[in-house]
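K.L.:
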Amino acid sequence: MSSAFHHIARGLQRYFGKRDKGHQTEHRSKTQLTEVHRRLAIYLFAVCGRDVVIKTMEEDFLHLEKYRPYIERGAIHLPSFYYDLGGDVAGIEVYRAAAVHAVAHLMHAGKTFADATLDKWQKAVIAVIEDARVETLLMREFPGFLELWRDQHTATPLQDRSAGDYLSRLARALLDPSYRDEDPWIVQGRSLFGAAENLETRDVSIRIGMTLAEEFQKKNIRFNAHADRLSALYRDDSRHLWAQQDETHAEEMPTSFFELKLLMGNNEFASADEEHKEISEGKPGPAGKDAYSYAEWDYRSQAETASWVTVRERKPKPGELGIVDQIVAQNAHLISRMEKILHAIRYSGMRRIRKLEEGDEVDINAAIRALIDMRSGVQPDTRIMMRSLRKNRDISVLVLLDLSNSTNQKIAGQEETVLELTRQICVLFADVIEDVGDPFAIHGFCSKSRHNVEYFRFKDFGQPYDEGARALIAGMTGQRSTRMGAAIRHAVHHLDERPAGRKLLMLITDGAPSDIDVRGTKYLTYDAKMAVKAAAKNGIHTHCISLDPKADEYVSQIFGARGYMVVDHVRYLPEKMLMIYAGLTR
Amino acid sequence: MKDNISQYMAKREPYYRQVSDEVAVYEAAYDARMPIMLKGPTGCGKTRFIEYMAWKLKKPLITVACNEDMTASDLVGRFLLDSQGTRWQDGPLAIAARHGAICYLDEIVEARQDTTVVIHPLTDNRRVLPLEKTGELVEAHPDFQLVISYNPGYQSVMKDLKQSTKQRFGALDFDYPEQAIEEEIVSHESGISREDAGKLVSIAKMARKLKGHGLDEGISTRMLIYAGTLISRGVETRRACRVALVAPITDDADMRDALEAAVVTFFGKRSEAR
Ligand SMILES: Nc1ncnc2c1ncn2[C@@H]1O[C@H](COP(=O)(O)OP(=O)(O)OP(=O)(O)O)[C@@H](O)[C@H]1O
Ligand SMILES: [Mg+2]
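Here the protein sequences come in this chain order: A and B. Following this note's numbering, the residues of the first sequence are numbered contiguously, the last one being 586. Following this note's numbering, the residues of the second sequence are numbered contiguously, the last one being 860.
1. Out of curiosity, what's the CA-to-CA distance linking A:D183 and A:A213?
2. What residue ranges within the stretch 87-171 of chain A form continuous alpha helix (DSSP H) runs of no fewer than 4 residues, ordered along the chain?
3. Using only the alpha-carbon positions, how far apart do A:A75 and A:V52 sit?
4. Verify the CB distance criterion: does B:H799 have a CB-CB separation below 8 Å to chain A?
5. Any heavy atom of ligand 1 closer than 7 Å to the CB of B:P763?
6. Any heavy atom of ligand 1 inside 7 Å of the beta-carbon of B:I811?
7. Round the Cβ separation of A:S396 and A:K537 to the nearest angstrom and send it over; I've been treating them as touching at under 8 Å.
8. Look at the alpha carbon of A:R190 and the alpha carbon of A:S406, and state the distance between them as a whole number of angstroms.
9. What's the C-alpha gap between A:L400 and A:P574?
10. Does the CB of B:D729 have a neighbour CB from chain A at under 8 Å?
11. May I ask whether a heavy atom of ligand 4 can be found less than 7 Å away from the beta carbon of B:E775?
12. Of the choices A:Q326, A:H37, A:D203 and A:H101, whose alpha-carbon is the least far from that of A:C48?
13. Is A:K55 a contact residue of ligand 1, with contact defined as CB to any heavy atom under 7 Å?
14. Who sits around ligand 1, taking every residue whose Cβ is closer than 5 Å to one of its heavy atoms?
15. Just list the residues that DSSP pairs A:Y83 with in beta bridges.
16. Within the continuous alpha helix (DSSP H) that includes A:L547, where are the two ends?
17. Within the stretch 605-634 of chain B, note down every full alpha helix (DSSP H) run reaching 4 residues or more, in order along the chain.
18. Thinking B:A683 and B:L715 are a contact (beta carbons under 8 Å), I'd like their distance in whole angstroms, please.
19. Given this structure, state the Cα-to-Cα distance separating A:E141 from A:I71, to the nearest angstrom.
20. Determine the DSSP secondary structure at B:D838, reduced to helix, strand or coil.
21. Helix, strand or coil: how does DSSP classify A:M476 here?
22. Using three-state DSSP, classify A:D298 as helix, strand or coil.
23. Just the chain B side, please: which residues come within less than 8 Å of A:V47 by C-beta, in chain order?
24. Taking a cut of 9 Å between CB atoms, which residues from the stretch 843-856 of chain B lie near chain A?
25. Take B:L810 as the anchor and find which of B:P738, B:W674 and B:E775 has the nearest alpha-carbon.
26. Helix or strand or just coil, what does DSSP make of B:L831?
27. If the cut-off is 8 Å on Cβ atoms, which residues from the stretch 130-150 of chain A count as contacting chain B, listed in chain order?
28. Could you give the residue range of the beta strand (DSSP E) that holds A:M506?
29. Considering only residues of the same chain and omitting the five flanking positions on each side of B:P738, which have a CB-CB separation below 7 Å?
30. Tell me, which residues are paired with A:T310 by DSSP?
31. Excluding the 5 residues flanking B:Y638 on each side, which residues of the same chain have their C-beta closer than 7 Å to its C-beta?
32. Go ahead and label A:D515 buried or exposed: buried means 16 or more other beta carbons lie within 10 angstroms of its beta carbon, across all protein chains shown.
33. Assign A:N198 to one of two classes, buried (16 or more other C-beta atoms within 10 Å of its C-beta) or exposed (fewer than that).
34. Please report the Cβ distance between A:K55 and A:E415, rounded to the nearest whole angstrom; I am assuming they are in contact, meaning their Cβ atoms lie under 8 Å.
35. Does chain B have any CB closer than 8 Å to the CB of A:E575?
36. Mark A:S388 as exposed unless 16 or more other C-beta atoms lie within 10 angstroms of its C-beta, in which case mark it buried.
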């Protein structure tokens, strides 16, 4: 076997802590990333005040460096598990140390270094200084992180054989003021770093790193880029510091779904036009069995084209009930919060009707007033009873889901697909609205040209939210395009059939309207806007939940600046739902 | 009545740590008798500030905690029945207006909107309080000033002050003070060391970033003082933090874990009682 292979195997052992094969190792407890993912995410949010994308590293046993956390395009990649270390350092602590360290990099990143002129050794030293720089900056805000990281460093002055030993000692020395190390190179590193005036930019890391790299020549120890790594497991592999040629390094979100759709729409331009046949003109209404025809707005002529689109109601297919149950179980805390909020809004409508001759209880103030009047010889007001009324909110809610093909994409910077998030939101809403007892329906749509806008009714107003309905929600899939206006018109048609009272149409979508027979999005955007306006005329309040963080422009065009909100994680639902309902009940 | 109003005078100087220029600005506002609104999250020092200012200006302070069942008579006054017949009793607002006190309406948004409008004639240049029931028009004493507090939290999506009320006030923004000052306050009020107070503040800083992202409110200065007080009475630090900081603000298990991890981050894993 080649020595390289031995080397990798040794490294793996070190990583997994299998220093002596066999006994003990099997029993070491470990912490899985999936178990702690959400806790870590919350913790990181608390550190930096924003969402951080945490991903599981792909397991690739042939590349040791993969077993260090790394940062790529703004996302933190962590191993799928960590063994609990000795002492009382549990695996979750290593995760926290690693994640917070990576966040320190993200918070205090600068320009990537141009690395053309640097050799591997220089890079390695610079990376150690850079680690220390970002940790120091974060510790200025939160001095307590010293505790989190300190325990992970185990290098001692006795380790003096390899360049890796020295790098590890330098890393420890720059972090931990109580660590003693008299080696001149370490001492010099400490004093250079301590004397640095401005830690805000990366320049200081380069400057100190270069000096120390040069100085190290005196030791006459060779550097091996593969073997000489830091012993502190939580440190990332520093790849994000160096510009890479083959990859756009911008820390940006993946292409928005909006743009993806545009590309699709152009290809199949006007492919299905001739299919258009015998659909009856006139009012929206049945055009054949389960088919409804609607007008569409053409912004170029500023006029409606009558009976232009056909919406066809299709039977949705049921899926695994377990999917829905799992969503409910995983989000129990959110659901209970939302229920609390919704109940509060509902009953904030408590009203006392005073000045009644006959009522449920005596209005004590009125009674005293009457007594006073009697005693002072004035004619009293005898209407001294009152009644408490709970204003019934009476809101019919129709949740309309965009089920186009783009929902199969992952959400910008996350592991979940749009469809999964759509389903989660939908299940949470259904559970909560069911709990307060408002009538609601859940419908969905996709489209394949103006002749075929498919419309699915997962749950209807009159229908109970039972296993049948939940199975249909579990079974929803995403395909085809997004002819939003037609779908809105059809949803309005269903809402119109509801008895009077407030009506809310909540559209959940990830992108601009588009369809295969229309170029671009302008035409359908204007049409959707008109559909929303028409809904408002019918007394229907529309609100859009956009799952695309970059959707502001067209969504606000369609729904108005206050008619939409972006939700890219169910965690934000309670607050957002409150906003929607507050707007409604005002 | 003069005797009665003296009970509203502070006996001792309340401890207040100035955060920026709020004391000077308030003094100028009082000089002009301008109505003032103190805005800020719960437990950040609004009440303490007004207590301190009243003491500093040597004025009586009448505080009313508002709630949704409060009616205008609770502020203005009402007739009471007694053995002789009926007797008018001034409400706190009327007392303050007559005798020249600072009237502090705490959490005014909690009161119903029809209640809040009774303050309108007192807060524009009329400076009068009409007592409808008796027909009296109380002219405000020259020393009288009205101060309200207001927490622009997410509850206020539902409850908000009318613009016509808001625009009668100058507003002082309060927030949790910066690290060093908050440390000083927590340490002073609870008796723990500066160092431990600093750790408590760091925990709060993390939690405050989660406001609106799973937490309705961040950890307030008041909560930190509670935690500090428990610690200084011998409760083990992590236990004290759980009781005073974590458990009160969330029931979400993962959220609790993250907050408790913040406690561990700053107080360490070793749990020795101090
Ligand atoms: N600047 C400060 N100086 C001194 N003590 C302070 C200061 N800020 C906060 N405190 C402390 O915090 C505690 C809570 O403050 P306070 O009661 O004034 O809060 P608040 O803003 O009125 O809250 P709420 O809106 O819930 O009434 C006080 O009892 C006091 O101990
Ligand atoms: Mg207060």
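Note that beta-carbon positions come from the ideal geometry of N, C-alpha and C, so glycine has one too.
P.N.:
In terms of the structure at hand:
1. By one-based count along the first sequence, residue 183 of chain A stands at place 183. By one-based count along the first sequence, residue 213 of chain A stands at place 213. Taking the straight line joining both Cα atoms gives about 15 Å.
2. Here the runs fully enclosed are 91-107, 120-141 and 145-150.
3. Counting from one through the first sequence, the residue named residue 75 of chain A turns up at place 75. Counting from one through the first sequence, the residue named residue 52 of chain A turns up at place 52. Taking the straight line joining both Cα atoms gives about 7 Å.
4. For the purposes of this step, residue 799 of chain B is taken as the residue at position 213 of the second sequence. A Cβ of chain A is located within less than 8 Å of the beta carbon of B:H799.
5. Mapped onto the second sequence, residue 763 of chain B falls at position 177. B:P763 Cβ: within cutoff of ligand 1.
6. As a first step, residue 811 of chain B is located in the second sequence; it is residue number 225 there, counting from the start. Correct: B:I811 has its Cβ closer than 7 Å to ligand 1.
7. In the first sequence, counting from the first residue as 1, residue 396 of chain A sits at position 396. In the first sequence, counting from the first residue as 1, residue 537 of chain A sits at position 537. No, A:S396 and A:K537 are not in contact; Cβ-Cβ is about 17 Å, not under 8 Å.
8. Translated into positions along the first sequence, residue 190 of chain A becomes position 190. Translated into positions along the first sequence, residue 406 of chain A becomes position 406. Cα-Cα distance, rounded: 53 Å.
9. Here residue 400 of chain A refers to the residue found at position 400 of the first sequence. Here residue 574 of chain A refers to the residue found at position 574 of the first sequence. C-alpha separation (whole angstroms): 19 Å.
10. As a working note, residue 729 of chain B is residue 143 in the second sequence. By this cut-off, B:D729 is not an interface position.
11. Among the ligands modelled here, namely ligand 1 and ligand 2, ligand 4 does not occur.
12. Along the first sequence, read from residue 1 onward, the residue named residue 48 of chain A stands at position 48. Of the listed residues, the one whose Cα sits closest to A:C48 is A:H101.
13. To locate residue 55 of chain A, count along the first sequence from 1; it is residue 55. At a cut-off of 7 Å, the beta-carbon of A:K55 does not count as near ligand 1: no heavy atom of the ligand is closer than that.
14. B:Y602, B:R603, B:T628, B:G629, B:C630, B:G631, B:K632, B:T633, B:R634, B:I771, B:E775, B:T807 and B:R808
15. Your numbering for residue 83 of chain A matches position 83 in the first sequence. Under DSSP, A:Y83 forms a beta bridge with A:K30.
16. Locating residue 547 of chain A in the first sequence gives position 547, where the first residue counts as 1. In the DSSP annotation of this structure, A:L547 is not part of any alpha helix (DSSP H), being labelled neither H nor E.
17. 608-617
18. Taking the second sequence and counting its residues from 1, one reaches residue 683 of chain B at position 97. Taking the second sequence and counting its residues from 1, one reaches residue 715 of chain B at position 129. The Cβ separation is near 5 Å, so the contact holds.
19. Working through the first sequence from its first residue, we reach residue 141 of chain A at position 141. Working through the first sequence from its first residue, we reach residue 71 of chain A at position 71. Near 22 Å, if we compare the C-alpha coordinates of A:I71 and A:E141.
20. Looking up residue 838 of chain B in the second sequence gives position 252. Coil at B:D838, not helix or strand.
21. Residue mapping note: residue 476 of chain A aligns to position 476 of the first sequence, counting from 1. It is coil, neither helix nor strand.
22. Residue numbering aside, residue 298 of chain A sits at position 298 when the first sequence is read from its first letter. Correct three-state label for A:D298: strand.
23. Within the first sequence, the letter at position 47 stands for residue 47 of chain A. Within 8 Å Cβ-Cβ: M792 and K795.
24. D843, A844, L845, A847, A848, V850, T851, F852, F853, G854, K855 and R856
25. Here residue 810 of chain B is taken as the residue at index 224 of the second sequence, counted from 1. The shortest CA-to-CA distance from B:L810 to any of B:P738, B:W674 and B:E775 is the one to B:E775.
26. Here residue 831 of chain B is taken as the residue at index 245 of the second sequence, counted from 1. The answer is helix: DSSP assigns B:L831 an H, G or I state.
27. E141, F142, P143, G144, F145, E147 and L148
28. Within the first sequence, the letter at position 506 stands for residue 506 of chain A. Residues R502 to T509.
29. Against the second sequence, residue 738 of chain B aligns to sequence position 152. If we look at B:P738 and ignore the five residues flanking it on each side, its Cβ neighbours are K625.
30. In the first sequence, residue 310 of chain A corresponds to position 310, counting from 1. According to DSSP, A:T310 bridges with A:S293.
31. Here the question's residue 638 of chain B lines up with position 52 in the second sequence. Taken in chain order, the residues that qualify are P600 and Y602.
32. On the first sequence, position 515 is the one that residue 515 of chain A refers to. So A:D515 ends up on the buried side.
33. Your numbering for residue 198 of chain A matches position 198 in the first sequence. By the neighbour-count rule (16 or more Cβ atoms within 10 Å), A:N198 is not buried but exposed.
34. The residue you call residue 55 of chain A lines up with position 55 of the first sequence. The residue you call residue 415 of chain A lines up with position 415 of the first sequence. With a Cβ gap of about 7 Å, A:K55 and A:E415 count as contacting.
35. What you label residue 575 of chain A is simply residue 575 of the first sequence in a count that begins at 1. Yes, its Cβ sits closer than 8 Å to a Cβ of chain B.
36. As a working note, residue 388 of chain A is residue 388 in the first sequence. A:S388 is exposed by the Cβ-count criterion.
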